[in-house]
Structure formats: structure tokens, C-alpha cells
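This report refers to the structure that appears directly beneath it.
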Amino acid sequence: MFTGIVEAVGEIKTANPQKNGLSLRIAPGKLSLAETKVGDSIAVNGVCLTVTGLADNLLSVDVSGETLQCTQGLDKPGGKVNLEKSLRLSDGLDGHLVSGHVDGVGEVTKFQPLGESSLLAIRLPDSLLKYIAKKGSITVNGVSLTVNRVERDELEINLIPHTLAETTLKELKAGARVNVEVDMLARYVERLLLAMDDKHRSESSVQT
20 MFTGIVEAVG EIKTANPQKN GLSLRIAPGK LSLAETKVGD SIAVNGVCLT
70 VTGLADNLLS VDVSGETLQC TQGLDKPGGK VNLEKSLRLS DGLDGHLVSG
120 HVDGVGEVTK FQPLGESSLL AIRLPDSLLK YIAKKGSITV NGVSLTVNRV
170 ERDELEINLI PHTLAETTLK ELKAGARVNV EVDMLARYVE RLLLAMDDKH
220 RSESSVQT
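Every number in the numbering used here is 19 more than the matching position in the sequence shown, counting from 1.
If you want it as C-alpha cells, here you go:
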């Protein structure tokens, strides 16, 4: 479990093919690995991965083929990635609850200055749009953000200077693809409503 508050920007040093995926070695940037051990979870561009090795101030993780198919930004040496260690029960929750299970990939349609901040617009597939609400939470490349506007197939986000300075989002441009995780509360609400609807239909069938 994560919060979407990025702790450091790392760099993919190597991406070696495996039988079903890739093995990555990542330079952690300013992220301290002093308390990190093999088996720990770490979010890499919003994707929850397991640390498989620690050597030469690099961390190693394996990425399955299935994960590569539903995410972006994990297969290119030299690529910058947002990093966050998993949440401890004693930690404060400054962003929102993030599972690190990417729901899909969106496309940046606009990234432009807006006063001291920047406007980020992202087009999402229909399967994800139903979970997006104005002033709701969303995770983009591992960063917890607030949705300011939803219209048709796009959402808009206001990025403050601090977010731009501390993450890779400043490198985005129109046409870029980003990992998106919707607010898990929206998924639970959907599941609850579906269960209630199934129960109602079942009771109606019995009565008739």
C-alpha cells in the first residue's frame, strides 16, 4: 500500500529480458535504501514491484510480461521513474490510499503553464472514466493528484510547482502515455452497488 507521495525520482539503468518479462536495475536517486531489504514492495511509476536485489546502490525488481502490457515507462534504460516505498502503519497519509495496481494507461492531451502551476489534461478509456469524479483522487505515474474537471473522455489536473519539481511529471507533453490508478474507494462503491442490485433482482425473482 502506498500514498502517492513520491519520495524520489530514480533512473532505470538496465532492463534485461527474462523468460516472461524484464529484470530492472534502478538507481534510487535521493531515496535511501538503508532500511530496504529484498522482498520489500516499492512503487515504480505507480506500479507495485518487489525488490529482488540490492547492490552497488542499485535496486533490482522483476516486471512480468502481463504488467508490461498494461503499463508504460518500465522498459527503457535511461528512463526516469517516480519511486515510493510502501506505507507503514505508523506513517501519515498525506496523499490517498494507493494499491500500486495500475488500472490502465491514459494519454496526455495537454500540458501547459497555468499561472504559477501547470494544466495537465489526460484522455482515459471509457472503462476508467466512470471512476473519475471532480475533486476526486487519481494516481498518475505514481503521483497522488486531485481531479479538477471531467469532460467527455478527458480529465484535467492542476500541478503545483512542488509536484513538478519533485516528480517526473514535468517531462510530460501531449501524446505521452501515463500509468493511471483510480481511487480504490470508487471501485468498492461500484462493487457494493452491484451486489445490492443483484440482491434486489434475486428478491424480486423470488416474489414473482
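Note that beta-carbon positions come from the ideal geometry of N, C-alpha and C, so glycine has one too.
Only a predicted model underlies this, so the values are computations on that prediction, with no experimental measurement involved.
Judged by pairs of C-beta atoms under 8 Å, the segment 47–63 touches the segment 87–106, as three or more such pairs exist.
Taking C-beta atoms as the reference points, G194 and V121 fail to come closer than 7 Å. Our two residues, A152 and V166, have alpha carbons roughly 7 Å apart in a direct line.
One alpha carbon belongs to T71, the other to L211, and they sit about 37 Å apart. With fewer than 16 neighbouring CB atoms inside 10 Å of its own CB, A184 falls in the exposed class. Straight across, the Cα-Cα distance linking S137 with G114 is about 19 Å.
Residue pairing of A74 in beta bridges, as defined by DSSP: L77. According to the DSSP assignment, T90 belongs to no beta strand (DSSP E), since it is labelled neither H nor E. Nearest Cα to V117 within the set G29, L178, R206, M215: R206.
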